[in-house]
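First up is the structure itself, then whatever we jot down about it.
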Amino acid sequence: MPSERLKEQIEAIVSELAGTEVPVRLERPRNPEHGDVATNVAMVLAGRLGRPPREVAEAIVERLDRSQAGLASVEIAGPGFINFRFAESVFQSQLASIVEADRAFGRSSSGAGRRVMVEFVSANPTGPLHVAHGRGAAIGDAIASLLEWTGHEVAREFYINDAGVQIDRLAESLEVRWRQRQGEAAELPEGGYMGEYLVDLAAEVEAEAGDKLRAMDPGARRQWLRDWGVRRLRSEQEEDLRVFRVVFDEWYPETRIYAENRIQDTLRELGERGLTYEADGALWLRTTTFGDDKDRVLVKGDGTYTYFTPDIAYHREKARRGFDLAIDVWGADHHGYVPRMKAALAALGLPDFLEVVIVQIVRVMRGGKEVRLSKRAGEIVTLRDLFEETGVDVARYFFLMRSAEAQMVFDLDLALDHSEKNPVYKVQYAHARMKSILRKAGVEPEEADPRTADLGLLTDPMEQALIKQLALFPEVVERAADARAPHMVCEYLEATAGMVNSWYHAGNPSRNPALAVLTEDEALRRARLVLTRGVSIVLRNGLELLGLTAPERMEREDAE
RNA sequence: GCGCCCGUAGCUCAGCUGGAUAGAGCGGCGGCCUUCUAAGCCGCGGGUCAUAGGUUCGAAUCCUAUCGGGCGCACCA
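For the first sequence, my numbering gives the first residue as 30, with consecutive numbering after it.
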């Protein structure tokens, strides 16, 4: 990266001027007239040195070794910005390095040596996954991917809440449905699961083990239904997620926390640290010591644990399993739970171990009206309903294209639009077009080789702007990973695709054959094919990073 | 009542640790098809950045207050 070298040089100059280390930030000006990169360091330094910003800027510029940094021009502008423009050769060599890196372009090792667990979805195994889970699934998976691209060692994990009262209710509800099937007048329990899916599952139960269940005593039958229901629903979730292209390294059951006595270990450790106490017949944790609003109950008056307790033990296990950082992706309705969980981990001596990404709610709109996500004939209820209608690529992209912390509207009409109005297709189309040009040129991608092309021939402003845009990709990945913000990659891909489509159309042979990739001029054609390949590499890497496909060609529906 | 998120163009949203005339997509309006696939492209219009103060050379961005929307405030999970 040429800007890296420049940054180091400026840092050296500036720390000499100031007499101390001064961090330098190079930014990309919005306005291209302000150069390729710019810095405000002279303004930052002006106050400290007691000199006018422009004078400080002069001093910095005087000391610069332009050729060493690959600079074509440097100017001081406005209140004291320094604007830099790189030599064209710098961008030409960047295009060459994009093509050479190919699938590795955009990857870095900045996170090397860091083991991170991303835990997401973690839906209760009491029913099918809903639309809201889909957003968490897409975002969690993309964050994990971003961390992998930046060199972290990443594990994706799903925590199965297969213990606790919600599972008792599942077992009861399933039993009621099974008995109703046999004509008994059974009523769903308070807080039972009313979904129709349990009626279907009851039919499966009957087919699989009806006679056996009738012969069992009630306790054994309940236990059997409980195990069967959890297993069945869990595997249905796993299958839905697999089709949605989200694959977990581990499905970690809550019952394992109990089976391995982790709760006792955790309570003992908290007790030894003097952070628990008994009051009103319950055992409490002093979470207020670590920033929570009130202390929390660990063991209820009846001797059972709150939901919190096994969850603390589970997060303690994450650290014990060797992870340096745990990132949890939670729904907005759990945000109030964040301070207490962080407090509990701080109590265990793990103050910075947990990072929580809160994913806000999704509203689905069709025809300008909100789709009620309750069960109603023909309306979308589950994640599977949604992606079966839109396709997996579209559903994933729509979930990812907005920042997680903002509520989002899922516009089904736009999602179902197969034109380039749909941002997913816009990006995929741009990719397919590059592939189409390569096919038309009759070359394999590897034959578009920067070593046998003169990239100096790419002098058109559109081409140069495009090369600069492609070169930004690694920085975008880096920032998106740091910010746990996959939507930044979407923004970048859409902007890139827009430029690609303009370039492609400008070179439409019927309009301006001089700009066409497949031009008569053999040398120019070779150079443009390298750019074509570079574009396809960046778009493909970006799409695949987000878990989307990069199609070789787009299906064309015959227009009427 | 307290806490968290949000309030930017008609709609949906970007705006990176404050930076140079506030951006994109959709919708609207006007052009452009014997195509490296027009499922498109080019251009135009459109904003008191919720409001009021404050900090700063500089605020959509930071601070305070107010208003509006969402969510959460259990010995539920």
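All C-beta atoms in this analysis are idealised placements derived from N, C-alpha and C, irrespective of residue type, glycine included.
- Here Leu327 is near Tyr334, since their CB atoms are less than 8 angstroms apart.
- Going by DSSP, Asn112 is part of the beta strand (DSSP E) stretching over Phe110 to Phe115.
- Boundaries of the alpha helix (DSSP H) around Tyr533: His516 to Ala535.
- Counting along the chain, Ala308 sits inside the beta strand (DSSP E) bounded by residues Thr305 to Ala308.
- In this structure Ala552 is in contact with Asp483, their Cβ atoms being roughly 6 angstroms apart against a cut-off of 8 angstroms.
- The DSSP-derived three-state label of Gly300 is helix.
- Ala500 places its beta carbon less than 8 angstroms from that of Phe120.
- Of all alpha-carbon atoms in Asp442, Ala373, Gly365 and Ala355, the one lying nearest the alpha-carbon of Thr317 is that of Ala373.
- Distance from the CA atom of Ala556 to the CA atom of Ile387, rounded to whole angstroms, is 46 angstroms.
- Under DSSP, Thr68 shares a beta bridge with Leu55 and Ile111.
- For Asp440, the uninterrupted beta strand (DSSP E) segment begins and ends at Met437 to Asp440.
- With fewer than 16 other Cβ atoms from the protein chains shown falling within 10 Å of its own Cβ, Gln252 counts as exposed.
- For Val275, the secondary structure class from DSSP, reduced to helix, strand or coil, is coil.
- Contact between the segment 83–91 and the segment 510–530 is not established, with fewer than three Cβ pairs separated by less than 8 angstroms.
- In the structure shown, the three-state DSSP call for Gly360 is strand.
- In this structure, Phe502 and Phe134 form a Cβ contact; the two beta carbons are roughly 7 angstroms apart against a cut-off of 8 angstroms.
- For Met370, the enclosing alpha helix (DSSP H) covers residues Val367 to Ala376.
- Scanning Phe319, Ala249 and Glu283 for the CA closest to the CA of Ala342 turns up Glu283.
- Linking Ser118 to Asp353 through their CA atoms gives a straight-line distance of about 42 angstroms.
- A direct Cα-to-Cα measurement between Leu487 and Gln493 gives close to 7 angstroms.
- By the Cβ neighbour-count rule, Ile390 is exposed, with fewer than 16 other Cβ atoms within 10 Å of its own.
- Under the three-pair Cβ rule at 8 angstroms, the segment 409–422 does not count as touching the segment 373–383.
- Uninterrupted alpha helix (DSSP H) stretches at least 4 residues long and entirely within the segment 141–199 occur at 160–178, given in chain order.
- In the three-state reduction of the DSSP assignment, Pro490 falls in the helix class.
- Val128 is positioned such that its CB atom lies closer than 8 angstroms to that of Gly563.
- Only buried fits Pro515, as 16 or more other CB atoms lie within 10 angstroms of its CB.
- Boundaries cannot be given for Arg136, as no alpha helix (DSSP H) includes it and DSSP labels it neither H nor E.
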